[in-house]
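S.K.: Counting along the sequence shown from 1, when you hit position 362 you're at 365 in our numbering, and nothing is skipped either side.
Glycine included, C-beta positions come from ideal geometry on N, C-alpha and C.
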Amino acid sequence: MKSKKRILTGDTPTGKLHLGHYVGSVENRLALQNSGEYDCYFLIANKHAFTTRADRPDEIRQSVLDIATDWLAVGIDPNKSTMLIQSEVPAIDELTFFFSMIIPFNRVMRNPTLAQEIKDKELGDKYPFGFPLYAVGQCADILAFRPEMVPVGEDQLPHLELSREVARRFDQLYCGVDPHVQDKDYIARGGLFPVIQPLLGRVKRLVGIGPPGPDGNLLKMSKSLNNAIFLSDDADTVQKKVMTMYTDPKRIRATDPGETDPEKNPLWAMHENFNPDQAWVKEQQEAYRQGKVGDVAIKKKLVEVLNALIDPIRTRRKHFEARPDEVMDALRTGTRRANEVAEETLGLAKKAMKQDYFPRKLSIP
Ligand code: ATP
Ligand code: MG
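#1: Please tell me whether, using a cut-off of 7 Å, the distance from the CB of Ser225 to the nearest non-hydrogen atom of the ligand MG is below it.
#2: How far does the alpha helix (DSSP H) with Pro214 in it extend, from its first residue to its last?
#3: Taking the DSSP output, what are the residues bridged to Gly219?
#4: According to DSSP, simplified to helix, strand and coil, what is Ile199?
#5: Name, in chain order, the residues that DSSP records as bridge partners for Ile88.
#6: Near Val284, what residues of its chain come up, given a Cβ to Cβ distance below 7 Å and the 5 sequence neighbours on each side ignored?
#7: What do you reckon, are the CB atoms on Ile145 and Ile199 nearer than 8 Å?
#8: Please find out if some non-hydrogen atom of the ligand MG comes closer than 7 Å to the beta-carbon of Thr263.
#9: In or out: Met4 buried (at least 16 other Cβ within 10 Å) or exposed?
#10: What's the gap between the Cα of Leu195 and the Cα of Asp236?
#11: So does Asp61 have its beta carbon nearer than 7 Å to some heavy atom of the ligand MG?
#12: Where do the ends of the alpha helix (DSSP H) carrying Arg172 lie?
#13: Is Gly27 near Gly140, with beta carbons less than 8 Å apart?
#14: Are the beta-carbon atoms of Thr336 and Pro81 separated by less than 8 Å?
#15: Tell me whether Val139, by its Cβ, gets closer than 7 Å to a heavy atom of the ligand ATP.
#16: Taking the straight line between their C-alpha atoms, what separation do you get for Thr12 and Gly127?
#17: For the alpha helix (DSSP H) that Asp69 lies in, which residues bound it at each end?
#18: So, is Leu176 buried or exposed, given that buried needs 16 or more other C-beta atoms within 10 angstroms?
#19: So does His21 have its beta carbon nearer than 7 Å to some heavy atom of the ligand ATP?
#20: With Lys8 as the anchor, note down where its beta strand (DSSP E) starts and where it stops.
#21: Report yes or no: do the stretch 311 to 323 and the stretch 242 to 252 share at least 3 C-beta pairs separated by less than 8 Å?
#22: Here's a check: name, in chain order, each residue in its chain whose Cβ is nearer than 8 Å to the Cβ of Ile376, leaving out the five neighbours to either side.
#23: At a cut-off of 7 Å, would you count His24 as near the ligand ATP, judging by its Cβ distance to the nearest heavy atom?
#24: Classify Ser225 as buried or exposed, calling it buried when 16 or more other Cβ atoms lie within 10 Å of its own Cβ.
#25: For Leu22 and Asn230, what's the separation of their Cα atoms in angstroms?
#26: Can you name, in chain order, every residue of its own chain whose Cβ lies under 7 Å from the Cβ of Leu351, other than the five neighbours on each side?
#27: Hey, Gln287 and Pro260 are a contact pair by Cβ (cut 8 Å); roughly how many whole angstroms apart?
#28: Please determine whether the Cβ atom of Thr15 lies at a distance below 7 Å from any heavy atom of the ligand ZN.
#29: With 16 other CB atoms within 10 Å as the buried threshold, where does Arg110 fall?
#30: Please classify Glu343 as buried or exposed, where buried requires at least 16 neighbouring CB atoms within 10 angstroms.
#31: In whole angstroms, what is the alpha-carbon distance linking Leu222 and Asn268?
If you want it as structure tokens, here you go:
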């Protein structure tokens, strides 16, 4: 197991997994896990959930279980992959502190994903100190595992860019890597942290099923924006959500010409991304544009398509929902394994920083 290359990715426990996660990251995670070529680390970023809901610890705890249950339901196999709880891996916090010293505060605040989140989640200027800190924390989540690749959705790219900068800076400052070295050569030239590569999903940014945001663009499907179809939604809920979803507001009657741009009408974004019969989609888009088919027919088809995708996941989810101990065991075993790697990384980082005073051994019973 030790010799394989690693990948790391994760989810914040702010709710359950949705279709955006599926196409943005889960498909890649499954492919990498099942290829047998990688050691896969999947992290539940529970501390980061406190950035927006520090007043709701029960909810966060429940979401940790929900996310882990969703993972098992989609096919993450705890015998092949490592599922871990962030807050039980102290090396991540310790790296966060050191990393926060080598990256300018203004650089962190220039991260467009943070700015977008502040806007979308209406955080105003009331966000906690830990909100910008979480961006640095995410560098530590990733680099603690020194992974080769990080499978994510597009919104994560600015975060990954920060972790690439942290890796370069650390390696230059403490490992003597020449700043002119190419990213791919950092490790070969003595660096500790790899300048990681993102791996984007089949769909980089799935839009939500709600109306556009203040800037007129459709919002990203998000757990926190009330615009998601969850992988755990039952068939009736999927039906209700689809039948009432936002489409083309200018279209009053089925005979009105309709908008089929997936950037403007989520009904078509969903069909383009999930309907296996793309010839049907093209044909119906033409009819929709000409006012020859109503929303209801297209929505009904989408309900069918989505339920066919979600049904097997639902069945497996039921199995794990009834066995929360099994879910917790997968997290315990994984977190134990994750600590071995993260402790090793921290030890090496401290050594490079000349702050390796007393070796320690950490264990989870
Ligand atoms: P929150 O609203 O709390 O931020 P989220 O729905 O954005 O939740 P995250 O836990 O932040 O979910 O993201 C987990 C992973 O899923 C990330 O890699 C992210 O890029 C990806 N992802 C999330 N939403 C989408 C989406 N709509 N399309 C593609 N990828 C997505
Ligand atoms: Mg998010």
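M.R.: In short, the structure shows the following:
#1: yes
#2: From DSSP, Pro214 is part of no alpha helix (DSSP H) but of the beta strand (DSSP E) over Val210 to Pro215.
#3: Answer by DSSP bridge pairing: none, since Gly219 is not bridged.
#4: coil
#5: Ile47
#6: His274, Glu275 and Asn278
#7: yes
#8: no
#9: Here Met4 scores only 46 on pLDDT, less than 50, and its place in the model should not be relied on; the value that follows carries that caveat. Per the 10 Å Cβ criterion, exposed.
#10: 43 Å
#11: no
#12: Leu160 to Cys178
#13: no
#14: yes
#15: no
#16: 28 Å
#17: Pro60 to Val77
#18: exposed
#19: yes
#20: Lys8 to Asp14
#21: no
#22: In the structure displayed, the chain extends from 4 to 368; residue 376 sits before or after that span and is not available.
#23: yes
#24: buried
#25: 11 Å
#26: Leu195
#27: At roughly 14 Å, the Cβ-Cβ gap does not stay under 8 Å, so Gln287 and Pro260 are not in contact.
#28: Summarising the ligand content, the structure contains the ligand ATP and the ligand MG and does not contain the ligand ZN.
#29: exposed
#30: exposed
#31: 11 Å
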